[in-house]
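Trainee: So the protein sequences, as listed, match chains L and W.
In short: position in the first sequence from 1, add 58, done, that's my numbering.
Each step along the second sequence adds one to the number in my numbering, with nothing skipped, and position 17 is 4.
Ideal Cβ placement from N, Cα and C applies to all residues, glycine included.
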Amino acid sequence: MAEPEKQPISIEALKRGDRSEFARMVDSYSLPIYRLAMRMLSNPQEAEDVLQETFLKALRALPKFEGRSSLSTWLYRIAVNEALMVIRKRKPELSLSRPAEDGEEEDNGEEMQIVDWGHMPESELLSLEARRTIDQAVDKLPETLRVVFLLRDVEGLSIDETADSLGISQAAVKTRLLRARLRLRDELSNYYRERMKET
Amino acid sequence: MNGHSHVHKCDHLISTISDYVDGSLSPQLCAELEKHLCECENCTVVVDTLRKTISLVQTCAEDDCLPGEVRARLFHTLNLDDFLKNDAGV
Ligand SMILES: [Zn+2]
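Structure, rendered in structure tokens:
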């Protein structure tokens, strides 16, 4: 997430229990955290629970916050863990640290889609239907790939920060990011190829 | 694509394109990939559409918003009702 443009949040003030500074932190980070939770869970009620729980936990844990990671990375880590707990209730076998999660292995034998759709007009690339397709393509990614993609490409964390938020290695982040991006590209290529035929 | 060794080259380089679009590929691999891109239309399409894919998802995500009532309930849960009137201001 982009750090807030206005005055940076003061960790010192937060630790002092300054409520107005805490409110400012909530306003700076609630949208990115809600967005992450929505895109991880696809359920508004669960996403709202994750949002509330993230800030409640942050409030309690602030005295122990050492500032070794940035405030945003720290908040993301709390939020990701909350969201993963929700997902594990649905899928108890899910583990982020297991190297080859289901569907995460090399997509052997799949032909790469070679369709040069990148030059289609923006009005078609971002039509209502296209936007739905894009969101669904992200939803379809296996959780272990999706969360990496969301943190890195949607929230704009670095590889390092993404690894830190998820408690996995940078190499694992890179591998999953590559897989996620290639899968999304293939999904979108399938869709836009059909649109190109129409015009 | 023409010939087996060429296809092999594409397969080998595809694992580097994620780092490449991030600008974090090592100079040596970067030079190797860019040389290949000059000769290979398919890989050029893959790189272009990969970049476009990432930017399209980002554009869609920019439209996500925090509903006002979700913000209000969050502030209430955190005992911050007295700050609710402030602009979300981000
Ligand atoms: Zn090639």
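The segment 23 to 43 of chain W: which residues have C-beta closer than 7 Å to a C-beta of chain L, in chain order?
Mentor: 29, 32, 33, 35, 36, 37, 39, 40, 41, 43
Trainee: In the DSSP assignment, find the alpha helix (DSSP H) that holds residue 212/L and state where it starts and stops.
Mentor: Premise fails: residue 212/L is in no alpha helix (DSSP H) and is neither H nor E.
Trainee: Thinking C-beta only, is residue 34/W closer than 8 Å to residue 172/L?
Mentor: no
Trainee: I'd like to check one pair, residue 83/L with residue 208/L: are the Cβ atoms closer than 8 Å?
Mentor: no
Trainee: Is it buried or exposed, residue 227/L, if we count other Cβ atoms within 10 angstroms and call 16 or more buried?
Mentor: Result: exposed.
Trainee: By Cβ distance below 7 Å, which residues in the same chain neighbour residue 38/W in space, the five residues on each side in sequence not counted?
Mentor: Result list for residue 38/W: 8, in chain order.
Trainee: Relative to the alpha-carbon of residue 19/W, which residue among -4/W, 40/W, 56/W, 28/W has its alpha-carbon at the smallest distance?
Mentor: -4/W
Trainee: Answer yes or no: the CB of residue -4/W versus the heavy atoms of ligand 1, is any distance below 7 Å?
Mentor: yes
Trainee: For residue 211/L, which residues in chain W fall below 8 Å Cβ to Cβ?
Mentor: 41, 44, 45
Trainee: On the CB-based measure, 16 or more other CB atoms within 10 Å of its CB, does residue 190/L come out buried or exposed?
Mentor: The residue in question, residue 190/L, is exposed, as its Cβ has fewer than 16 Cβ neighbours within 10 Å.
Trainee: Return the chain-ordered list of same chain residues with a C-beta closer than 7 Å to the C-beta of residue 112/L, the five sequence neighbours on each side being excluded.
Mentor: 91, 133, 136, 137, 140
Trainee: In chain L, which residues lie less than 8 Å from residue 48/W when you measure between Cβ atoms?
Mentor: 93, 97, 212
Trainee: Return yes when the C-beta of residue 17/W is under 7 Å from any heavy atom of ligand 1, and no when it is not.
Mentor: no
Trainee: Go ahead and pull the three-state DSSP assignment for residue 151/L.
Mentor: Look at residue 151/L here: in three-state DSSP terms it is coil, with no helix or strand label.
Trainee: What ranges does the alpha helix (DSSP H) occupy inside the segment 65 to 152 of chain L, keeping only unbroken runs of at least 4 residues that lie completely in it?
Mentor: Counting only runs of 4 or more residues that sit fully inside the segment 65 to 152 of chain L, the alpha helix (DSSP H) segments are 69 to 74, 77 to 99, 102 to 119, 129 to 148, in chain order.
Trainee: Secondary structure at residue 45/W, three-state DSSP: helix, strand or coil?
Mentor: helix
Trainee: According to DSSP, is residue 55/W part of a helix, a strand, or is it coil?
Mentor: helix
Trainee: Check this for me: beta carbons of residue 202/L and residue 253/L, under 8 Å apart or not?
Mentor: Against a cut-off of 8 Å, the Cβ pair of residue 253/L and residue 202/L comes out as no contact.
Trainee: With 8 Å as the limit, tell me which residues of the segment 223 to 242 of chain L have their beta carbon closer than that to any beta carbon of chain W; keep them in chain order.
Mentor: 232, 235, 236, 239, 240, 242
Trainee: Examine chain W for any beta-carbon lying closer than 8 Å to the beta-carbon of residue 176/L, and answer yes or no.
Mentor: yes
Trainee: Alpha carbon to alpha carbon, how far is residue 65/L from residue 79/L?
Mentor: 11 Å
Trainee: Under 8 Å, Cβ to Cβ, is there at least one residue of chain L near residue 0/W?
Mentor: Chain L, which has no Cβ nearer than 8 Å to the Cβ of residue 0/W, makes this no.
Trainee: Can you name, in chain order, every residue of its own chain whose Cβ lies under 7 Å from the Cβ of residue 100/L, other than the five neighbours on each side?
Mentor: Result list for residue 100/L: 197, in chain order.
Trainee: Going by the C-beta, is residue 25/W closer than 7 Å to any heavy atom of ligand 1?
Mentor: Relative to ligand 1, even the nearest heavy atom lies 7 Å or more away from the CB of residue 25/W.
Trainee: Measuring straight from C-alpha to C-alpha, what distance separates residue 158/L and residue 93/L?
Mentor: Any answer about residue 158/L is weak, because its pLDDT of 49 lies below 50 and its placement is not dependable; what the coordinates show is given next. Taking the straight line from one Cα to the other gives about 26 Å.
Trainee: Please list, in chain order, the chain W residues whose beta carbon lies closer than 9 Å to that of residue 261/L.
Mentor: Because chain L here runs from 59 to 257, residue 261/L falls outside it and cannot be looked at.
Trainee: Is it a yes or a no for the segment 174 to 191 of chain L touching the segment 208 to 220 of chain L, going by three-plus beta-carbon pairs under 8 Å?
Mentor: no
Trainee: DSSP on residue 178/L, reduced to helix/strand/coil?
Mentor: Of the three classes helix, strand and coil, the one that applies to residue 178/L here is coil, per DSSP.
Trainee: Select from 36/W, 73/W, 58/W, 1/W the residue whose C-alpha is nearest the C-alpha of residue 249/L.
Mentor: 36/W
Trainee: Starting from residue 247/L, trace the alpha helix (DSSP H) in both directions and tell me its first and last residue.
Mentor: 228 to 256
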